[in-house]
Amino acid sequence: MSVSFTTISLSAAGSPCGSRGSALMRRLLAWLAALLVILRTRLGLRCRLLLGFATLVATGIVPGVLINAQAVVGPVITTSAVSLTSGIPSPGTIGLLLPDGLSATDPGVGAWLDAAREEGLRIETLTDSQFLALGTGTNAYRGVIFPDSLHVTATDALVTAVEGYVSRGGQAMLVYDFGALTAAGAYAVPKSRFSALAGVDYLLYGELLDRTVGLGPITGYESKLRQIQVPPGKSIPFTVTAPPPPPMTAAKSTAMPISAISGTSTSATDARTVATQTGVLKAAGLADNEALYLPIDPKNPGGLRGYDHAQQFKADPIDKHVISFTATGPVASKTSTSTALSASRQVASDISPASAPAAPPITFATARKLPAVTGTTTLTTKTVPAISAKTLAVAPAMTTSLATTDSVQAISGYIYGALTYPTFVTRGVFAGIQLGNSPQFGLVAGVNRVGSGKVLFINTPLTYLKGGTDGMLMHGFLNYFSNDMLKLPRLSSLPNAVPGLTLNWHLCSNFAAEMAQLTSQGVFNKGPFSIHITAGPDTVAFGDRLGWNLPLNTTAQQMLRDLQARGHRIGNHGGWIHDYYGDNASESNQASFEQYLVLNKNAVDSAIGRPTIEYAAPQGNSPSWAMNWLEQNGIVGTYYLGHTGMGPTRNYANGVFKNPNLWINPVMPFGVYATFEEFIEFNVPKQSVIDWYKQIIDFSIANRSNRLIYMHPQGAAVWPDVVLGMLSYANTQQQAGKFKWYTISAIDNFMTARNKVVWNESVTNTGVRQYTATHPTSLARMSWLFPKTAYAKPVVTSGTATVSDGGDNWLVVTANGKTLHFSATPI
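Sequential numbering from 5 applies to the sequence shown in my numbering.
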């Protein structure tokens, strides 16, 4: 099933009464405008906005159709996001600017609305015509998003209006190719018309042609990456080399300076940088003076046509083959068909670092190897700061001991290492707050002050990436924009706003002895955890008898019932024969492979005496038909290989939103690894793994978030001290009320209930913000976070809720009831 998100759409037609009705409407609004002149001193800004709009309508500048709206609601989706319908921005909302005529059901629009909803934000769409009609009234929005991909054409009038919005104090999130083309469908010359807002020159098509869009890693200081919600394990240490600087030119590339890498200089350095060729870049076979570029033209303004970013999320995890482990590494066991782990992972490819398992090759499709754009670095740099104890919890280093200074890291992916992202080549000095860079192509993200306002410029296509199973950056930048810049209240994504993790155990084959060992050591006294089992008699191939054979294995049945009695959630790990299903299920063989999902679910349901509602795909192999089958058979949440680095989210793939009744739970990698089996085989220091588990717990606490980690019993049994140490640290945090373990279904069911919350803000004439929240059944465990730097302690005026000090935020936590009223005063 494929569903596109919908929202409230505006009528493009005139008044149903025709021209006579329109004239009457204008006379009524003119009368209203006169009345508002009398009241404006009492009602303040909201009245002035309505006055301005009514005057425009009365004079015929803006048609009265903006007040007409029709709601279109998708299945199980309820949202506070609406379209601008009254001519007055809803208080406390973020605006999302869309071109006139874009369908509200466009999947890209849905991606933004859905991401905002998951981040707990209130967002409102408006069109170019509405933005222009509002004039200075646009500044009633707390912030406005100018999105990529959806809005590549902008008139000069719109450019001027956006500049005016920012200069008057507006805060903008300007993304990638927004307004890349003029009304004539051509690139502006010599650079983007939004370059002054961004703080750097970009979209230099007239000069660079096919070298306008580069393809390379995104790097940044650890502390900055954590601020944009890149968790520990989703970035790896990154270095660059610096050949002799090329001749000085008038226009200079804003690639990351060597001084920024080393942290030894307080001034800008003129030197070209070249990304180290590891991970994905190595597959391209670049020479030292080459870089990857995506060709663009006005019909392909962002260079994304034919580019497949999602291929970097399709590597099989180590969730494969029957391996027995010792303290020093893997050995083949139980069957002659099993091999050592490294051999089982070999695929013809040179894409991975030498110390990592092999991965499927990357096909760069339209990307071209061309001489790298030359120029000197002119980014303003500062001495690398020491990291405070608080920051360490948010931005730890992936080393055997915690770092005391910031380091440069690259956003990474499981197995592939540093991932590649499209970015426009940028030039010029960036004097703002630097959040991310491309070592070869320049600024990727930063905050630039313009007039009285600020611009968060994001030089990578967030809409496209979300649709290509990489939503982390869209969500992360939304969080930064709303929290760090706008200081907005938000609806927490966690029950009672308690941070946590999900620990997903995969019981791929019959490791009963290892499960017994871990049980006796007290591992399963903690939790609750999500424990997923492959139920068939075989594991690698038919007849190997390495599986659990759950229908006939009474000992395994009792093990699952005991685990369930301890509070753990038992689920399905795919399709009956673990490796056979993982290796062979595809988009084209549902007729022969669906039976394995049925067999597995029936066996587990029977063993535990209740329907299973969780799932993990063997090797992460999730064909679309399988996802549809899960949704149709009561599964509410599944482990997932895409969107890594995020918490629970919706299934976006191939640019489309799918499976509205199913949540996906992305797995958290530790750099290029994810499981004990890999840590052991590839000699990852044990202390590094211990540190990482602590860091991901600390990150969840610091950001009030949830992530999923996963394990196999065979690897955990070799390093039980690491598992028990992690559980002990988590228990300490839990006893302090700072942490909680969540099963997949517990957090996903909560998210489904949370989607039915509707909350709105109004403003009194004294500036107090008043909030009303409703839910069709119960608001229990719903909570709101108010930044303490922006709001005095909220007050509950009606309903049942508590207000407490949550560190950086005030917490409003609802106990029960369908309606809640509370207020907060800005400071």
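Here a beta-carbon is modelled for each residue, glycine too, at the ideal position from N, C-alpha and C.
Can you name, in chain order, every residue of its own chain whose Cβ lies under 6 Å from the Cβ of R309, other than the five neighbours on each side? Residues of the same chain with their beta carbon placed closer than 6 Å to that of R309 are lacking, with the five preceding and five following residues left out of the count.
K698 to Y733 span [Cα, whole Å]: In a straight line, the C-alpha of K698 is about 7 Å away from that of Y733.
Cβ shell of Y468 (< 6 Å), same chain only, five flanking positions each side left out: Result list for Y468: S153, L308, in chain order.
Going by CA-CA distance only, name the one from T648, V640, V816 that's closest to A757. Nearest C-alpha to A757: V640.
Give me the residue from A784, W814, P830 with the minimum Cα distance to L824. For L824, the closest C-alpha among the options A784, W814, P830 is that of A784.
Opening and closing residue of the alpha helix (DSSP H) in which G480 lies: Boundaries of the alpha helix (DSSP H) harbouring G480: 476-483, taken from the DSSP string.
Going by DSSP, what residue range makes up the alpha helix (DSSP H) through V170? Start and end: 160-171.
Less than 7 Å between the C-beta atoms of S534 and I713, yes or no? Judged by beta-carbon spacing, I713 lies beyond the 7 Å limit of S534, meaning their Cβ atoms are not closer than that value.
Compute the distance between the beta-carbons of G141 and A158, then report whether it is under 7 Å. Against a cut-off of 7 Å, the Cβ pair of A158 and G141 comes out as no contact.
Between S802, G811, S87, which has its C-alpha nearest T818's C-alpha? In terms of Cα proximity to T818, the closest of S802, G811, S87 is S802.
Beta-bridge pairing of V799 - partner residues as DSSP gives them: The partner list for V799 (beta bridge, DSSP) reads S827.
For Y297, which residues does DSSP report across the bridge? According to DSSP, Y297 bridges with G218, R372.
CB of L219 within 7 Å of CB of P426, strictly: In this structure, L219 sits near P426, with a CB-CB distance shorter than 7 Å.
In the structure shown, what three-state DSSP assignment does D118 receive? DSSP places D118 in helix when its eight states are reduced to three.
With respect to the alpha helix (DSSP H) encompassing H647, which residues constitute its N-terminal and C-terminal limits? Here H647 belongs to no alpha helix (DSSP H), and DSSP marks it neither H nor E.
What residue does the alpha helix (DSSP H) around I751 start on, and which one ends it? In this chain, the alpha helix (DSSP H) harbouring I751 covers 748-758.
Helix, strand or coil for N707 per DSSP? The answer is helix: DSSP assigns N707 an H, G or I state.
Selected residue, minimal CA-CA separation from Y145, among D160, L162, Y169: Checking every option, the nearest Cα to that of Y145 belongs to Y169.
For T403, which three-state DSSP category applies? At T403, the pLDDT of 34 sits below 50, so the modelled position is not reliable; the number obtained from the coordinates is stated separately. Correct three-state label for T403: coil.
Name the one or two DSSP bridge partners that G446 has. G446 pairs with S442.
Minimum C-alpha distance to G417 - residue among G821, A678, V429: Answer by Cα proximity: A678.
Inspect the beta-carbon positions of V148 and A176 and report whether they are closer than 7 Å. Yes, the pair counts as a contact, with Cβ atoms nearer than the cut-off.
Report the rounded CA-to-CA distance for A705 versus L789, giving the unit in angstroms. According to the sequence shown, residue 705 is Ile rather than Ala. For I705 and L789, the distance between alpha carbons rounds to 14 Å.
Given that a residue counts as buried once 16 or more other Cβ atoms are within 10 Å of its Cβ, and exposed if not, what is I831? I831 is exposed by the Cβ-count criterion.
So, helix, strand or coil for A331, using DSSP? Confidence at A331 is low in this model, with a pLDDT of 41, below 50, so its placement is unreliable and the value that follows should be read with caution. Three-state DSSP puts A331 in coil, outside helix and strand.
What is the DSSP secondary structure of Y677, reduced to helix, strand or coil? Looking at Y677 - three-state DSSP - the assignment turns out to be strand.
What separation, rounded to the nearest whole angstrom, lies between the Cα atoms of S827 and P798? S827 and P798 have their alpha carbons spaced roughly 6 Å apart.
Do Y209 and T216 count as a contact pair if the criterion is CB distance below 7 Å? Yes, the pair counts as a contact, with Cβ atoms nearer than the cut-off.
Just reading off the beta strand (DSSP E) that P780 is part of, what are its end residues? No beta strand (DSSP E) holds P780; DSSP gives it neither H nor E.
Just curious, the alpha helix (DSSP H) that Q175 is in, first and last residue? Taken as a continuous stretch (DSSP letters only), Q175 belongs to no alpha helix (DSSP H), being part of the beta strand (DSSP E) at 175-179.
Applying the criterion that 16 or more other CB atoms from any shown protein chain within 10 Å of the CB defines a buried residue, is S486 buried or exposed? It counts as buried.
What is the DSSP secondary structure of N813, reduced to helix, strand or coil? Here N813 sits in strand by DSSP.
Suppose you measure from the CA of V726 to the CA of F683; what does that come to, to the nearest Å? Put simply, the backbone Cα of V726 is about 12 Å away from that of F683.
According to DSSP, simplified to helix, strand and coil, what is T736? T736 falls in the helix class under three-state DSSP.
Just mark E591 as buried or exposed, buried being the case when its beta carbon has 16 or more other beta carbons within 10 Å. The residue in question, E591, is exposed, as its Cβ has fewer than 16 Cβ neighbours within 10 Å.
Residue(s) in a DSSP beta bridge with V2: The requested residue 2 is not part of the displayed model; the chain covers only 5 to 831.
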